[in-house]
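**Student:** Residue numbers (my numbering): 7 to 172. Just so you know, even glycine gets a beta-carbon here, dropped at the ideal spot from N, CA and C.
(1) Out of curiosity, what's the CA-to-CA distance linking residue 18 and residue 116?
(2) For a minimum of 4 consecutive residues, which ranges assigned as the alpha helix (DSSP H) are wholly contained in the stretch 93-172?
(3) Would you check if there are 3 or more beta carbon pairs closer than 8 Å linking the stretch 53-63 to the stretch 122-135?
(4) When the distance is taken between beta carbons, is residue 130 closer than 7 Å to residue 147?
(5) Indicate the three-state DSSP secondary structure (helix, strand or coil) for residue 42 in the structure shown.
(6) Near residue 164, which residues of its chain fall below 8 Å by C-beta distance, leaving aside the five closest residues on each side in sequence?
(7) In whole angstroms, give me the CA-to-CA distance for residue 7 and residue 154.
(8) Tell me where the alpha helix (DSSP H) around residue 19 begins and ends.
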């Protein structure tokens, strides 16, 4: 894990040649371990309490177990479904939740910010499109330096690095 200043220096030094048409990124190992370490115990605890439904009638513990099991499945599913693709040939950035054209980017800011829906501070890319839509991409993927360098190379004049303000 990089400190923000080290990440900014590494991105500044990284020179990249766009040789491939498609670049794929997945979660980094640290995030995978954390999510699996949280999700798998939730699944096991949920299964244990759901076994009361099989042995007895429907009980509060069984319903609670089903909810815990479902939460664990969602956490583990995120490990296997996270992907971020830069498709240079088709001029697109694709994730599980959104898809937009690289040519429609108005500005890209690399900054340290609170990730939406969490209370965690992480280095993120704040992308604003010409349609005034905002996309926040937390840098929790493997090869985050390469990811930022590719976007910097594609949109050099629109890529800005905001100094640590948090």
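**Tutor:** In short, the structure shows the following:
(1) Between residue 18 and residue 116, the alpha-carbon positions lie close to 12 Å from each other.
(2) Listed in chain order, the complete alpha helix (DSSP H) runs (minimum 4 residues) inside the stretch 93-172 are 150-160.
(3) As far as the Cβ criterion goes, the stretch 53-63 does not touch the stretch 122-135, which means the pair count is below three.
(4) No, the Cβ-Cβ distance between residue 147 and residue 130 is not below 7 Å.
(5) Secondary structure at residue 42: helix, using DSSP grouped into helix, strand and coil.
(6) Excluding sequence neighbours, residue 164 sits near 111, 112, 113, 114.
(7) Bear in mind that the predicted position of residue 7 carries a pLDDT of just 44, short of 50, making it unreliable; the figure below should be weighed with that in mind. Residue 7 and residue 154: Cα-Cα distance of roughly 15 Å.
(8) Run containing residue 19: 10-19, per the alpha helix (DSSP H) assignment.
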